[in-house]
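There are 2 protein chains.
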Amino acid sequence: MPAPRGHAPSMRDVAQRAGVSHQTVSRVVNDSPNIRSDTRERVLQAIEDLGYRPNGLARALAHGRSRRIGLLMESSSHYGPMNMLRGVELAARRAGYAATTFGVTSPDEFDEGIDFLRDQRVDALAIIAPRAQSLESLARVTLPQACVLVGSMPPDADGFGPIPSLPRVGVDQALGARLAVQHLIASGHRMIAHLAGPADWFDAQVRRNEWFRTLEAAGLETPPTVEGDWRPQSGYDATDALLAIPGVTAVFAANDQMALGLIHGLSDRGLAIPGDLSVVGFDDIPESAHFRPPLTTVHQDFQAVGEAAVDLLLQRLGEASHGSPQQIVPELVVRTSTAPA
Amino acid sequence: MPAPRGHAPSMRDVAQRAGVSHQTVSRVVNDSPNIRSDTRERVLQAIEDLGYRPNGLARALAHGRSRRIGLLMESSSHYGPMNMLRGVELAARRAGYAATTFGVTSPDEFDEGIDFLRDQRVDALAIIAPRAQSLESLARVTLPQACVLVGSMPPDADGFGPIPSLPRVGVDQALGARLAVQHLIASGHRMIAHLAGPADWFDAQVRRNEWFRTLEAAGLETPPTVEGDWRPQSGYDATDALLAIPGVTAVFAANDQMALGLIHGLSDRGLAIPGDLSVVGFDDIPESAHFRPPLTTVHQDFQAVGEAAVDLLLQRLGEASHGSPQQIVPELVVRTSTAPA
DNA sequence: CTGTTAGCGCATTCAG
DNA sequence: CTGAATGCGCTAACAG
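Sequence lines, in order, name chains A and B. Take the first sequence: its letter number 256 is residue 256 in my numbering, and every next letter is one higher. Whatever position you read off the second sequence (first residue = 1), add 341 for my numbering.
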């Protein structure tokens, strides 16, 4: 049990009790090699007695590194962002870093967030900015050296977005979309509609573009897309528009939630899935396996993305990295919401 | 545009450029009243020229307050905890505090988390510890003065859990469970089963207990519960056990995900909902409104919980608080997964 | 109204 | 192997 006397003990207190200078205490704490083992023992004992704990702030100020990474994110409650947040936080912690989060609810606040986190002297910055506006806002400020964009690749991934020098990690959205559409094509569908996400979201853009390209490459028609807002209700609301597409036999929904709403809408109209219409989702949220019917979808490992992001940051900081890939590979999960045409 | 010369400018640099002492700069930055306005202008100009930003670390070290709150949480990817995390973070930010998160994956790591965050010198601590083990772990360490338990009330809320002095904020789980069960009773159901959450989770305990008490109070039978793990699959797996209860016409599931799995299981067996069995969930996740059928459930506002937690913390820190209630009131959302017996 | 002098708790030179 | 200076960037007393 520690013995708190009024205030938290400092190095000085420990030094005094051990009969050494505070430098020596510092050396013991940072286990420097040049310490006589009995001195070390004495100091360790004093530390134990006093319940001493080093002050992270002071250490950071002196050492110049805070061992904290900042996490700037557009705080949506969507499945993807939340899980990437979690992935980043866990990975950071494993590397001995704390994660300080700054959630914004509007793209305008990104500037403020950058300033805030920089003032906090975070060593590195992970940014979850899933919409175009967010990135534009970012383009106007000077970013820290160690900085990574998490989970959002602008559609022209090889060309560059508005922030050329910013490295990115994320799931290969184009591949995911291709897997989904090709699965439908392979099942014999020839008129495949797309229930898109909000046009200002990068992931929505990429998924839509790849849906388009894949159909074109297969020589199939590309019907007009219907746009939702990621939420189930918007999928539900899109039902009629989707059904209005002549000859449609399958829909590629940009996420599972909208797919759910769509399935709901279809069944309300007495249509069977996949009998009358095949539906594919994207994300593989925990619920998808138990939709009625269980949803065929594209699985993406958000936590792995978070880890990869931290890994890249550590590398930038000169620490050992695990060499995670920057592109996480998504996987098609075939369940029963899709069937041959 | 700032003019970064090698390193980030300090107060001294600003002072020098403005021809004043760094103290004066400090006064301007913290807008102290006693400053001649032309001096202030000069300093402000220098700050602008240099792109100066105060160093949060140094400020915290000197001032004794870091303006950061620590968030210690059992990092599950469950809907509730994640959204409370978000609520806490947003509310903290609105109050000018940064939130530093420490996520643990096992209750054993709570001690470590406390130490970590305390070393980081957070001003206050919010703890999301939804399981019994977590709290036990917490009982062994000395907690900071400003500390709050978020979203998890031990079942004996009036009596006290293992940590007497720890204030708590959260949704009134007992009320939520009561609303759910009473709705079923009012619909004429007389044999109401419970698909419980993991027994070591507080919320699961409270919901189960209240289900039990409500049935007893109504003079109804209390069949054995079936325990799941919150996930949809466990609801699916519980189907047969639930159906084995003689005369069962309704099930109160401890969360929406398990309710979803159960609905899936029931429909696989050719049973109709609510025709053959009524199902009520808990949480009101975004998907629930579009389940087949749309799920009757208990809505709880996790974000409000986060806000209330921060509010209480601010109060403890001597800052103005909004006077949020400590108990958030849940609401029954009646949809179509329930019907008269 | 402003400058001077001290720290906050630690790390990083240097001596010895 | 250890201790004495010096500084990280800022705030908090006091002076004047």
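C-beta atoms are modelled at their ideal positions from N, C-alpha and C, and glycine is treated no differently.
Original post:
Does the region 473–491 of chain B come within contact of the region 623–641 of chain B, defined as at least 3 CB pairs closer than 8 Å?
Top reply: Short answer: they don't touch.
Subject >> 8 Å Cβ cut-off: residues of chain A touching GLY397 of chain B >> reply: ASP119, GLN120, ARG121
Original post:
How about the region 652–664 of chain B and the region 274–281 of chain A: do they share at least three Cβ pairs that are nearer than 8 Å?
Top reply: No, because fewer than three Cβ pairs between the region 652–664 of chain B and the region 274–281 of chain A fall closer than 8 Å, the two stretches do not touch.
**OP:** In angstroms with no decimal places, state the Cα-to-Cα distance between ALA3 of chain A and TRP571 of chain B.
**Re:** Low local confidence applies: a pLDDT of 40 at ALA3 of chain A is under 50, so the model's placement there is unreliable, with the coordinate-based value given in what follows. About 42 Å.
Original post:
If we count the other Cβ atoms within 10 Å of its Cβ and call it buried at 16 or more, is GLN598 of chain B buried or exposed?
Top reply: buried
**OP:** Identify each residue in the region 418–447 of chain B for which the Cβ-Cβ distance to at least one residue of chain A is less than 7 Å, and report them in chain order.
**Re:** SER418, MET423, ASN424, ARG427, GLU430, LEU431, ARG434, ALA439, ALA440, THR441, THR442, PHE443, GLY444
**OP:** Indicate whether at least one CB of chain B lies closer than 7 Å to the CB of SER345 of chain A.
**Re:** With chain A running from 1 to 341 in the structure shown, residue 345 of chain A is simply not present.
Original post:
Is ALA582 of chain B closer than 7 Å to VAL592 of chain B when the C-beta atoms are compared?
Top reply: Taking a C-beta distance under 7 Å as the contact criterion, VAL592 of chain B and ALA582 of chain B do not qualify as a contact pair.
Subject >> Residue nearest to ALA238 of chain A in terms of C-alpha spacing, selected from A:ALA272, A:HIS194, A:VAL141, A:GLU210 >> reply: A:HIS194
Original post:
In chain A, which residues lie with their C-beta within 9 Å of the C-beta of PHE457 of chain B?
Top reply: Within chain A, the residues whose beta carbon sits less than 9 Å from that of PHE457 of chain B are GLY56, ARG93, ALA98, listed in sequence order.
Original post:
If GLY87 of chain A sits next to PHE102 of chain A, beta carbons under 8 Å apart, how far is it from one beta carbon to the other, in whole angstroms?
Top reply: With a Cβ gap of about 17 Å, GLY87 of chain A and PHE102 of chain A do not count as contacting.
Subject >> Cβ separation of THR214 of chain A and ARG190 of chain A, assumed to be a contact under 8 Å, to the nearest whole Å >> reply: The pair is not a contact, with the Cβ atoms about 13 Å apart (cut-off 8 Å).
Original post:
Looking only at DSSP bridge pairs, what is ILE127 of chain A linked to?
Top reply: A:LEU72, A:LEU149
Subject >> Distance, SER66 of chain A Cα to LEU317 of chain A Cα >> reply: 12 Å
**OP:** Given a cut-off of 7 Å, decide if ALA126 of chain A and LEU345 of chain A are closer than it, judged by their beta-carbon atoms.
**Re:** There is no way to answer for residue 345 of chain A, as the model of chain A reaches only from 1 to 341.
**OP:** For VAL589 of chain B, I'd like the list of residues in its chain whose CB is within less than 8 Å of its CB, leaving aside the five on either flank, ordered along the chain.
**Re:** If we look at VAL589 of chain B and ignore the five residues flanking it on each side, its Cβ neighbours are MET532, ILE533, ALA534, PRO564, LEU583, LEU618.
Original post:
Which residue from B:VAL646, B:THR677, B:GLU672, B:ARG676 puts its Cα closest to that of GLY664 of chain B?
Top reply: B:VAL646
Subject >> Partner residues on chain B for GLU287 of chain A, Cβ-Cβ distance less than 7 Å >> reply: Within 7 Å Cβ-Cβ: PRO573, GLN598, LEU601, GLU628.
**OP:** Using the Cα positions of ASN371 of chain B and LEU262 of chain A, report the straight-line distance between them to the nearest angstrom.
**Re:** 54 Å
**OP:** Count the other C-beta atoms from every protein chain shown that fall within 10 angstroms of the C-beta of PRO81 of chain A, then say buried if there are 16 or more, exposed otherwise.
**Re:** buried
Subject >> Cβ-Cβ separation, ASN55 of chain A to ARG462 of chain B (assumed contact under 8 Å), whole Å >> reply: 6 Å
Subject >> Residues that HIS640 of chain B bridges to, as DSSP identifies them >> reply: B:ASP624, B:GLU672
Original post:
Does GLY500 of chain B come within less than 7 Å of chain A when only Cβ atoms are used?
Top reply: Annotation note: pLDDT 44 at GLY500 of chain B (below 50); position unreliable, coordinate value reported separately. Not an interface residue.
Original post:
Would you report the Cα separation of ASP13 of chain A and ILE128 of chain A, rounded to the nearest angstrom?
Top reply: 43 Å
Original post:
Along the region 44–71 of chain A, what residues have a CB closer than 8 Å to any CB found in chain B?
Top reply: ARG53, PRO54, ASN55, GLY56, LEU57, ALA58, ALA60, LEU61, SER66, ARG68
Subject >> Straight-line Cα distance separating GLY188 of chain A from ARG208 of chain A >> reply: 20 Å
Original post:
For the region 605–625 of chain B, which residues have a beta carbon sitting closer than 8 Å to at least one beta carbon of chain A?
Top reply: Across the region 605–625 of chain B, CB contacts with chain A closer than 8 Å involve HIS605, SER608, in sequence order along the chain.
Original post:
Which word fits GLY405 of chain B, buried or exposed, when buried means at least 16 other C-beta atoms lie within 10 angstroms of its C-beta?
Top reply: exposed
Original post:
Three-state secondary structure (DSSP) at TRP230 of chain A?
Top reply: coil
Original post:
Using a Cβ cut-off of 7 Å, which residues of the region 628–660 of chain B contact any Cβ in chain A, in chain order?
Top reply: GLU628, ALA630, HIS631, ARG633
**OP:** Could you tell me whether the Cβ atoms of ALA487 of chain B and ALA465 of chain B are closer together than 7 Å?
**Re:** yes
**OP:** Go to LEU525 of chain B, then tell me how far its alpha helix (DSSP H) extends in each direction, as first and last residue.
**Re:** Segment 514–527, the alpha helix (DSSP H) holding LEU525 of chain B.
**OP:** State the Cα-Cα distance for the pair ARG459 of chain B and TYR420 of chain B, rounded to the nearest angstrom.
**Re:** Cα to Cα, ARG459 of chain B sits roughly 27 Å from TYR420 of chain B.
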